[in-house]
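Take a look at the structure below.
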Amino acid sequence: MRYRHVFAWTLVAAAALAAAPPAARVERPNCPRLSGSWYGDNRAHLQQVIDERGTCAGRFGMHPVAAFDWDNTVTKNDVTDATIAWALRHDKILRPASWKATSEWLTDDADRALTEACGTDVPVGAPLPTSAHTRCTDEIFEIREDGKTMRGAAAFAGDWNHRRTVPQYAWVPQLFAGHTIAELTSYARRARAEALAAPIGSTRTLGTHTIPAYVRYYDQQRDLIRTLQRAGFDVYIVSAGSEPVTEVWSRGVGVDARHTLAIRSVLDRNGRITAWNQGCGDVPANRGEAIPYIDGKRCWINQEIYGVRGAAAWRQQDRRHRPAIAGGDADTDVTFVGDATGAHLALNRNKNELMCRAYDDADGRWVINPMFIEPLPPQRDPYPCSTSAYNEPDGAKGPVRREDGSVVPDQKDTVY
411 MRYRHVFAWT LVAAAALAAA PPAARVERPN CPRLSGSWYG DNRAHLQQVI
461 DERGTCAGRF GMHPVAAFDW DNTVTKNDVT DATIAWALRH DKILRPASWK
511 ATSEWLTDDA DRALTEACGT DVPVGAPLPT SAHTRCTDEI FEIREDGKTM
561 RGAAAFAGDW NHRRTVPQYA WVPQLFAGHT IAELTSYARR ARAEALAAPI
611 GSTRTLGTHT IPAYVRYYDQ QRDLIRTLQR AGFDVYIVSA GSEPVTEVWS
661 RGVGVDARHT LAIRSVLDRN GRITAWNQGC GDVPANRGEA IPYIDGKRCW
711 INQEIYGVRG AAAWRQQDRR HRPAIAGGDA DTDVTFVGDA TGAHLALNRN
761 KNELMCRAYD DADGRWVINP MFIEPLPPQR DPYPCSTSAY NEPDGAKGPV
811 RREDGSVVPD QKDTVY
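As structure tokens, this is what we get:
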């Protein structure tokens, strides 16, 4: 288990700061300032939180936390997909002894589709020739992307907590079973170089799928992270991707491996990735039941940053043990972004539950911004907040509710 950062605030320091007269909180000259183009007054809003919570407010040694999702929050496009695409084009997926063993929820339909498409000629543990076998590539990518086979059958079935995991996300590191962390890291580095070199807007064909060929760091997010770090914040990345892949990319914005939280695979005695991942809270090592996904992102933040153990890691903590700023782009981010005490940054990708919370703006601290590259047009219909935007644990859809239990009304899309 990685060495964990322990939050530096103490009760003594917090009490001293609260008791200090206003004159003692003198702002330092040349405080770190945000730059770049943001929507509306978003930059000023974020700057205010940085000034109030960071070293410029005299909060020395107190290290507030900022936490951000990765894919489509710090970068445009998905770095996990870029890595999978590179691996499929370079024959880096190893044939498992059983496709069913790669996920506890994989259906018989998916097992048959993968076996038929990828064949059995290659020895178990040897690379599948996915660069030449379009059918195998298509089945793998379709299951990862949509949770279905190429014929439209469900690829995953059974019971899981839909606020703690989604099988096709958990399946990604499971696909790389048999590789070492160093090998997966090298694939991610090569995929990164290729994606950064591809022109903005470019696509590539993967089997019969057309996918983005490029990834870009958002300049505004890179500047935000660096400004936060200069202002004394501890900045973390919290992703539902594979941790070695996310670490390759997070270094590009100055976030090290210790501050990068994602799906951590359990390794076998030879140091190779298995179909198991490390657990969180009261959930032990598992085959995908609990990953950094929706409520799981809160759990990983509570456990790895604040040292909260057991079932309590799934619950919202007091204000001293929550991020000051948090940002995301999708429903998978809604819980930890909502936990932030200073600013909730939502990049608008038309995701129902997140945007319902953002537009409702119950605490007046939501900051909504269009994507910085190729933003989406406005959603024509209002978000169905009052009926079906909330992701229930059993997979059903329900109304989004505020802390007092009241239902959030449907919201119009206005920031794009």
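Under my numbering, think of the first position of the sequence shown as 411, with each following residue one higher. Idealized CB from N, CA, C, for every residue including glycine. Just so you know, these numbers come straight off a predicted model, no measurement behind them.
Count the other CB atoms, across all protein chains shown, that sit within 10 Å of the CB of residue i; report buried if there are 16 or more and exposed otherwise.
i, result
"residue 653", "buried"
"residue 707", "buried"
"residue 434", "Its pLDDT being 40, under 50, residue 434 is placed unreliably in this model, and the value from its coordinates should be taken loosely. That one is exposed."
"residue 534", "exposed"
"residue 729", "exposed"
"residue 422", "With a pLDDT of 34 at residue 422, under the threshold of 50, the predicted position of this residue should be treated as unreliable, though the coordinate-derived value follows. With fewer than 16 Cβ atoms within 10 Å of its Cβ, residue 422 is classed as exposed."
"residue 437", "Its pLDDT being 45, under 50, residue 437 is placed unreliably in this model, and the coordinates cannot settle the point."
"residue 813", "exposed"
"residue 538", "buried"
"residue 583", "buried"
"residue 474", "buried"
"residue 552", "buried"
"residue 815", "exposed"
"residue 638", "buried"
"residue 763", "buried"
"residue 506", "buried"
"residue 432", "Confidence at residue 432 is low in this model, with a pLDDT of 39, below 50, so the placement of that residue should be treated as unreliable; the coordinate-derived value is given next. By the 10 Å Cβ count, residue 432 comes out exposed."
"residue 662", "exposed"
"residue 508", "exposed"
Mind checking who residue i pairs with in its DSSP beta bridge?
i, result
"residue 777", "755"
"residue 821", "793"
"residue 811", "817"
"residue 485", "481, 627"
"residue 622", "613"
"residue 801", "807"
"residue 476", "645, 735"
"residue 504", "537"
"residue 516", "566"
Assuming residue i and residue j are in contact, meaning their beta carbons sit under 8 Å apart, how far apart are those beta carbons, in whole angstroms?
i, j, result
"residue 703", "residue 576", "6 Å"
"residue 492", "residue 625", "6 Å"
"residue 585", "residue 635", "The pair is not a contact, with the Cβ atoms about 29 Å apart (cut-off 8 Å)."
"residue 735", "residue 459", "6 Å"
"residue 658", "residue 599", "5 Å"
"residue 755", "residue 781", "At roughly 12 Å, the Cβ-Cβ gap does not stay under 8 Å, so residue 755 and residue 781 are not in contact."
"residue 718", "residue 727", "6 Å"
Less than 8 Å separating the beta-carbons of residue i and residue j?
i, j, result
"residue 698", "residue 672", "no"
"residue 564", "residue 517", "yes"
"residue 771", "residue 793", "no"
"residue 685", "residue 512", "yes"
"residue 645", "residue 676", "no"
"residue 446", "residue 629", "yes"
"residue 732", "residue 751", "yes"
"residue 642", "residue 465", "yes"
"residue 761", "residue 791", "no"
Any alpha helix (DSSP H) of 4 or more consecutive residues that is wholly inside the region 532 to 620: 544 to 556, 577 to 585, 591 to 607
Could you pull out every unbroken alpha helix (DSSP H) segment of at least 4 residues lying fully inside the region 681 to 723, listed in chain order? 705 to 714
Length-filtered (4 minimum) alpha helix (DSSP H) runs lying within the region 442 to 469: 452 to 463
Contiguous beta strand (DSSP E) assignments of at least 3 residues, all confined to the region 644 to 676: 644 to 652, 670 to 673
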